[in-house]
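Everything below concerns the one structure shown next.
Residue numbers (the working numbering): 1 to 393.
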């Protein structure tokens with residue numbers, strides 16, 4: 001009996017273990033299949049995002065059309081597609097972005113960087129979806145022009161979405177078929193105006209001298225201000241290609257005011273007593289040279305003719321290395337001096353050029369006002385009244 005019972009136990013135990021092992025194997029197989037399926041789907045989505053990104057990369061250098069990106073929640077996909085088709089008919093390049101497509105972070109960032117104008121279709125779900133707000137905040141962060149389209153007339157955005165919508169270059173409300181045509185027209189005009197302004201800004205920047213290569217800076221000093229003069233000279237070597245430093249207290253000193261673009265005197269008591277320095281200042285005034293003074297002595301101010309020169313001018317107090325580079329808010333004195341010199345190096349426009357610049361600015365404001373007058377008031381027809389006036393006596 002003992003052996004029989006023992007044999008029965010031996011027989012039953014492998015059966016139970018085999019059942020458990022089979023169940024575990026089945027679960028592991030299902031888990032592996034699920035894992036493999038998920039991996040394949042993720043891989044396919046990744047390939048799709050890469051293909052989408054490649055299409056953008058190849059498209060950018062081959063088209064001159066204004067690039068529009070419409071961002072919306074998937075519940076407003078039909079509105080986005082209608083806007084996209086209308087903009088394509090106007091000759092603009094247009095693509096869609098929502099909270100699901102594309103999924104790759106790199107692709108989403110590249111698409112937002114690619115566009116010239118970022119359009120948001122505002123809705124309640126757009127406000128509540130973090131991925132939608134993430135794209136909008138990134139577009140705002142990289143200074144993309146934003147146009148807001150309100151898809152739900154009963155909803156007003158709040159928080160970050162409300163703030164960005166309020167600062168958009170154009171805000172449009174969709175409520176009927178006419179508003180769709182009006183929205184396409186407004187978006188087209190705004191996008192093209194932004195591109196025109198961008199081209200004009202780039203043209204203006206390209207006309208400015210790079211690193212002030214045509215500018216000559218003259219630093220005049222004496223023995224008691226020579227250390228500060230060297231500090232100023234060393235700070236300008238990185239941005240100015242032509243710098244002259246002259247010590248007017250030397251026996252055979254000469255002053256090159258006529259050759260310079262900007263005159264930077266290092267003011268000290270010895271400089272005020274030097275005859276050659278007074279001649280240099282008088283020549284700089286006669287030639288209308290920009291003068292940027294630097295006071296190099298603590299608790300000292302000019303008392304004679306030099307005080308007349310610096311009256312009403314912005315001057316800098318730099319006494320040594322410490323005061324030159326001591327932090328002052330987000331800058332320091334030597335940096336502020338360098339910026340002032342670089343600004344003074346910029347060419348001054350003539351009277352004719354100033355008038356032309358002012359004329360272009362006024363024309364730009366006029367064009368912007370015309371673009372905002374999208375709704376034309378109807379002509380008031382003369383009303384003919386059949387009423388007769390009765391004169392009562």
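Here a beta-carbon is modelled for each residue, glycine too, at the ideal position from N, C-alpha and C.
At which residues does the alpha helix (DSSP H) containing residue i begin and terminate?
i, result
"residue 220", "No alpha helix (DSSP H) holds residue 220; the beta strand (DSSP E) holding it covers 216-221."
"residue 286", "275-286"
"residue 345", "333-345"
"residue 95", "Premise fails: residue 95 lies in the beta strand (DSSP E), 93-97, not in any alpha helix (DSSP H)."
"residue 84", "77-89"
"residue 104", "Looking at the DSSP string, residue 104 is not in any alpha helix (DSSP H), and its letter there is neither H nor E."
"residue 131", "130-141"
"residue 323", "321-325"
"residue 305", "305-310"
Please go through the same chain and pick out, in chain order, the residues whose beta-carbon is closer than 6 Å to the beta-carbon of residue i, but skip the five residues on each side of it.
i, result
"residue 144", "118"
"residue 138", "112"
"residue 260", "216, 218"
"residue 123", "73, 76, 151, 152"
Let me confirm a value: residue i is counted as buried when at least 16 other C-beta atoms fall within 10 Å, else exposed. Which label applies?
i, result
"residue 196", "exposed"
"residue 186", "buried"
"residue 251", "exposed"
"residue 328", "exposed"
"residue 85", "exposed"
"residue 304", "exposed"
"residue 308", "exposed"
"residue 132", "buried"
"residue 98", "buried"
"residue 93", "buried"
Determine the DSSP secondary structure at residue i, reduced to helix, strand or coil.
i, result
"residue 37", "Note that residue 37 has pLDDT 49, beneath the 50 cutoff, so the model's placement of it is unreliable and no number is given."
"residue 111", "helix"
"residue 155", "coil"
"residue 72", "coil"
"residue 123", "coil"
"residue 150", "strand"
"residue 291", "strand"
"residue 180", "helix"
"residue 67", "strand"
"residue 317", "strand"
Can you tell me where the beta strand (DSSP E) holding residue i begins and where it ends?
i, result
"residue 267", "262-267"
"residue 171", "170-173"
Going by beta carbon distance, what residues of the same chain come within less than 7 Å of residue i, once the five residues before and after it are set aside?
i, result
"residue 115", "67, 68, 69, 144"
"residue 345", "212, 215, 261, 262"
"residue 325", "332, 334"
"residue 396", "The structure shown has nothing for residue 396, since the chain only spans 1 to 393."
For residue i, decide whether its Cβ has a neighbour in chain B, counting only Cβ atoms nearer than 9 Å.
i, result
"residue 214", "Included in the structure is just one protein chain, with no chain B present."
For residue i, which residues in the same chain have their Cβ closer than 8 Å to its Cβ, ignoring the five residues on either side in sequence?
i, result
"residue 41", "In this prediction, residue 41 has a pLDDT of 49, which is less than 50 and means its spatial position is unreliable; nothing more can be read from the coordinates."
"residue 248", "220, 221, 222, 255, 271, 274, 276, 277, 280"
"residue 170", "147, 148, 186, 187, 190"
"residue 109", "138"
For the ligand MG, any of its heavy atoms closer than 8 Å to the Cβ of residue i?
i, result
"residue 344", "The ligand MG is not part of this structure, which contains no ligands at all."
What are the complete beta strand (DSSP E) segments, minimum 3 residues, inside the segment 219-261?
242-247
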